[in-house]
Amino acid sequence: MRHFITLNDVRTVEFRHILELSASIKAETQRGELVRRLSGRMLAMIFEKQSLRTRVSFETGMFQLGGGSMHLGSEIGFGKRESVKDIAEVLSSMVDAIMFRSKNHESVVELAKYSSVPVINGLTDKAHPCQALADVFTMQEVFGDLRGLKLAWVGDANNVAASLLRASAKLGMRFSVAAPAKFQFKTDEVKELIGEDVTDGFEIELTDDPVKGVKDANAVYTDVWVSMGQEAEEEERKKILSPYQVNSSLMKSANKSAIFLHCLPARRGLEVTDEVMDSGQSKIVLQAENRLHAQKGLLVWLLNEANTKKILVT
Ligand code: CP
Ligand code: NVA
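Okay, so the sequence shown: first residue is 24 according to our numbering, each after it adds one.
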C-alpha cells in the first residue's frame, strides 16, 4: 500500500508526475470540465487540530472528482476511545482513503501501518507534505522550471520548512533557512530530510542571518512562530524569533522579482507585516487555492495509479 506521509514516500519521477497531473486537472477545472475520476470513492478526514484550507481543499477536491468526503473531529475520540489499529481497520473497510491531521507524527505512521487504504498526512508536528506539494506547484506556475532557483525560508524551521526542504532536494532548488540556533534544523535532521532522491542544483544553506538567507532569493517564505501544539512556548518563541519578521525592508534583499509565500494562517504583524502580505509580490491566495488543485492530482495518483482498485460505477 502506497501512502503519502512525507515527500520521501514518492520518488522524484512520481513527484513530477503528480505536479503534471495537478496542472492538467487544474486547467480542466478552469475550462469548466469536472471529470469524475474518483466516482464512488470516499475520503475520511480525521482532524486532531484546527484547519481551514486543508479541510476545504480536500472536501471540494473529492466533490469535484465525483467522490465524497467526511470530516471526523473529536467525536471519534482518537487515541482515547479505541486503539489506532481498530480505527484503521474499520475505516479501511468502508472508505477508500484517509487524510489525517494529527498532533503527533507517530500517530499517522501507526494509522498507515494498520490501514489497507492509502493514508495522507494532512499535517503533523514534523511534516506538511500536501502544503509543500501545493507550494512547488505554485512556484512552477510562476517560474516554470525550478532547478537552481532559490527558496528562502525565514523563521522557525518547522513542519512546513521540513517538507519544503524535501521538495527542494527532489526538484533541484537551492533552499536557505534563516533561523535562530534554537529553532534551526540540526545537521542530522537535514540529512534525514534530504533522503536519497536528490536532483542536481539542490543546495542547502543554514544561517542565523535573515538578510543573508534571503539574498538573491526567488521566493521568500515564512510561517507562524508558534505552530499548533506549541502554545506553551508562545512568549519565548515570539521573543527569540522577532528579528526574523518578513517586512518590506527584508524583501528588498531578495531578488527584485521575488515572490512572497506563506502557508497561512498568518499572524499579521508578527512573522510578516501587512505590507508584505498585501503586496504585489505576495502569492498567498494563489498558493492557498493551489492546495485544491495539487491535492486533486495527489488523490488521483494515489487512488487510480499508485494503488488501484476495480470499481464499477453505473
Ligand atoms: N495551510 C494549511 O494547512 O491551512 P489550514 O491549517 O487552515 O488547513
Ligand atoms: N506550522 C503551522 C502550519 C499551519 C498550516 C502549524 O503546524 O500550526
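Each residue gets a CB set at the ideal place from its N, CA and C atoms; glycine is no exception.
Owing to the predicted nature of the structure, the values given are computational and were not obtained by experimental measurement.
Exercise. Smallest Cα separation from K205: which of T29, E259 and V118?
Worked result: Taking the first residue of the sequence shown as position 1, residue 205 is located at position 182. Of the candidates T29, E259 and V118, the one whose C-alpha sits nearest the C-alpha of K205 is E259.
**Asked** In terms of alpha-carbon separation, which member of K332, A317, P203 and E215 lies closest to G145?
**Response** Counting from one through the sequence shown, the residue named residue 145 turns up at place 122. Per the Cα distances, A317.
Q.
Can you tell me where the beta strand (DSSP E) holding A67 begins and where it ends?
A. The sequence position of residue 67 within the sequence shown is 44, counting from 1. Its beta strand (DSSP E) spans residues M65 to F70.
Using a threshold of 8 Å, state whether the C-beta atoms of M68 and S45 are closer than that.
Mapped onto the sequence shown, residue 68 falls at position 45. Mapped onto the sequence shown, residue 45 falls at position 22. Their beta carbons are not under 8 Å apart, which means M68 does not touch S45 by this criterion.
Fill in: Uninterrupted beta strand (DSSP E) stretches inside the segment 160 to 215 (no shorter than 3 residues)
If we require 3 residues or more, the beta strand (DSSP E) runs fully inside the segment 160 to 215 come out as 173 to 177 and 197 to 201.
**Message:** With a threshold of 7 Å (Cβ to nearest heavy atom), would L66 be considered close to the ligand CP?
**Reply:** Residue 66 sits at position 43 when you count from the first residue of the sequence shown. No, the Cβ of L66 stays beyond 7 Å of every heavy atom of the ligand CP.
Let me make sure I understand the geometry here. Which of N31, T35, H40 and I28 has the alpha-carbon closest to that of E328?
Residue mapping note: residue 328 aligns to position 305 of the sequence shown, counting from 1. It is H40 whose Cα lies nearest to the Cα of E328.
What does the alpha-carbon distance come out to for the pair T210 and I217? Mapped onto the sequence shown, residue 210 falls at position 187. Mapped onto the sequence shown, residue 217 falls at position 194. Roughly 11 Å separates the two Cα atoms.
- Item | Assigned secondary structure, N270 (DSSP; H/G/I helix, E/B strand, else coil) | Indexing the sequence shown from 1 puts residue 270 at position 247. Residue state, collapsed to three classes: coil.
Closest by C-alpha distance to E215, when choosing among A201, V234 and A192: Looking up residue 215 in the sequence shown gives position 192. With respect to the C-alpha of E215, the residue from A201, V234 and A192 having the closest C-alpha is A192.
| CA-CA distance, V323 and G90? | The count along the sequence shown starts at 1 and reaches residue 323 at position 300. The count along the sequence shown starts at 1 and reaches residue 90 at position 67. C-alpha separation (whole angstroms): 11 Å.
(Q) What does the alpha-carbon distance come out to for the pair G171 and N278? (A) In the sequence shown, counting from the first residue as 1, residue 171 sits at position 148. In the sequence shown, counting from the first residue as 1, residue 278 sits at position 255. Whole-angstrom Cα-Cα distance: 14 Å.
> From R189 to D223, what distance separates their C-alpha atoms?
Replying inline: Taking the sequence shown and counting its residues from 1, one reaches residue 189 at position 166. Taking the sequence shown and counting its residues from 1, one reaches residue 223 at position 200. Using only the alpha carbons, I get a separation of about 14 Å.
#### Entry: Buried or exposed (CB count within 10 angstroms, at least 16 for buried), M24
Translated into the one-based positions of the sequence shown, residue 24 becomes position 1. Burial call: exposed.
| Expected contact under 8 Å - CB spacing of L321 and L156 to nearest Å | In the sequence shown, residue 321 corresponds to position 298, counting from 1. In the sequence shown, residue 156 corresponds to position 133, counting from 1. Rounded, the Cβ-Cβ distance is 6 Å, consistent with contact.
Sequence-distant residues of its chain with Cβ nearer than 8 Å to L42 (five each side left out):
Translated into positions along the sequence shown, residue 42 becomes position 19. So the qualifying residues of the chain are L156, V159, F160, Q163, A317 and G320.
Can you pull the DSSP bridge partners for N144? Residue 144 sits at position 121 when you count from the first residue of the sequence shown. Within the DSSP secondary-structure output, N144 pairs in a beta bridge with F123.
Hey, could you find the ends of the beta strand (DSSP E) I227 is sitting in? As a first step, residue 227 is located in the sequence shown; it is residue number 204 there, counting from the start. E226 to T230 is the span of the beta strand (DSSP E), which, as asked, contains I227.
**Prompt:** Cβ atoms of N313 and D339: under 8 Å apart, would you say?
**Reply:** Past the boundaries of the shown model lies residue 339; the chain is included only from 24 to 337, so the question cannot be answered.
Exercise for review: Note down, in chain order, each residue of its chain lying with its Cβ closer than 8 Å to the Cβ of S271, except the 5 sequence neighbours on either side.
Suggested key: To locate residue 271, count along the sequence shown from 1; it is residue 248. If you ignore the 5 residues before and after S271, its C-beta comes within less than 8 Å of the C-beta of T296, E298, V299 and S302, all in its own chain and listed in chain order.
Check: Is the segment 52 to 70 close to the segment 119 to 129, with three or more CB pairs under 8 Å?
Finding: Yes, the segment 52 to 70 is in contact with the segment 119 to 129.
Practice task
Starting from E105, follow its DSSP beta bridges and name the residues at the other end.
Solution key: As a first step, residue 105 is located in the sequence shown; it is residue number 82 there, counting from the start. DSSP, once it has assigned bridges, lists F101 as partnering E105.
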